[in-house]
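J.: Just so we're on the same page, the numbering used here is the position in the sequence shown counted from 1, plus 1.
Even for Gly, the Cβ is constructed at its ideal location relative to N, Cα and C.
Have a look at this one.
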Amino acid sequence: HLDLRFNDLTDINSEWFSHIHKLETLDLNGNRINRLTKEMLSHLTNLTYLCLGWNEFNQLDDGVFCHLKNLENLHISYNNNLRELKPKVFDGLDKLENL
């Protein structure tokens with residue numbers, strides 16, 4: 002479990018997660034992150050829970066979560082700048098139970 006809530010983060014570096022392949026829970030709630038790419042999350046293949054609520058995303062691109070094959074819970078609420086979701090943003094999330 003990695004809890005990075007309320008750390009005033011504005012960006013995610015894909016290298017942060019490159020050596021923690023077994024991570025199952027990541028909480029990035031309450032930061033100021035405004036951009037997310039599939040490369041940033043590509044190493045997190047065992048993630049089952051991801052919280053991205055209360056950030057500043059403008060958009061989430063198609064396939065941004067495609068590497069997260071085990072993801073069951075995804076929280077993206079309270080991203081007030083997020084007005085539209087691309088048609089294929091959730092592609093690959095076959096195990097997703099809660100959004």
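1. Quick check on Asn8: buried or exposed, where buried means 16 or more other Cβ atoms within 10 Å of its Cβ?
2. Taking the alpha helix (DSSP H) that Leu42 belongs to, which residues open and close that run?
3. Exposed or buried, Leu69, counting other C-beta atoms within 10 Å across all chains shown (16 or more means buried)?
4. Please say whether Phe18 and Trp51 have beta carbons closer to each other than 7 Å?
5. Are the region 36-45 and the region 75-88 in contact at 8 Å, needing three or more beta carbon pairs?
6. Under DSSP, the beta strand (DSSP E) around Leu51 begins and ends at which residues?
7. Count the other CB atoms within 10 Å of the CB of Leu100; is the residue buried (16 or more) or exposed (fewer)?
8. Comparing alpha-carbon positions, which option in Tyr79, Ser78, Val65 lies nearest Ser122?
9. Based on the DSSP output, what are the partners of Thr26 in its beta bridges?
T.: Based on what the coordinates show:
1. Counted from its first residue, the sequence shown places residue 8 at position 7. Classification of Asn8: exposed, given that the 10 Å Cβ count is below 16.
2. Residue mapping note: residue 42 aligns to position 41 of the sequence shown, counting from 1. Looking at the DSSP string, the run of the alpha helix (DSSP H) that includes Leu42 is 39-42.
3. By 1-based counting over the sequence shown, the position of residue 69 is 68. Counting Cβ neighbours within 10 Å, Leu69 comes out buried, since at least 16 surround it.
4. Locating residue 51 in the sequence shown gives position 50, where the first residue counts as 1. Locating residue 18 in the sequence shown gives position 17, where the first residue counts as 1. First, the amino acid is wrong: residue 51 is Leu here, not Trp. Result no, Cβ atoms of Leu51 and Phe18 do not sit closer than 7 Å.
5. no
6. The sequence position of residue 51 within the sequence shown is 50, counting from 1. Where Leu51 is concerned, the enclosing beta strand (DSSP E) stretches over 50-52.
7. Within the sequence shown, residue 100 is the residue found at index 99, counting from 1. Per the 10 Å Cβ criterion, exposed.
8. The requested residue 122 does not occur in the structure, where the chain is confined to residues 2 to 100.
9. Position 25 of the sequence shown holds residue 26. According to DSSP, which records beta bridges pairwise, Thr26 is partnered with Tyr50.
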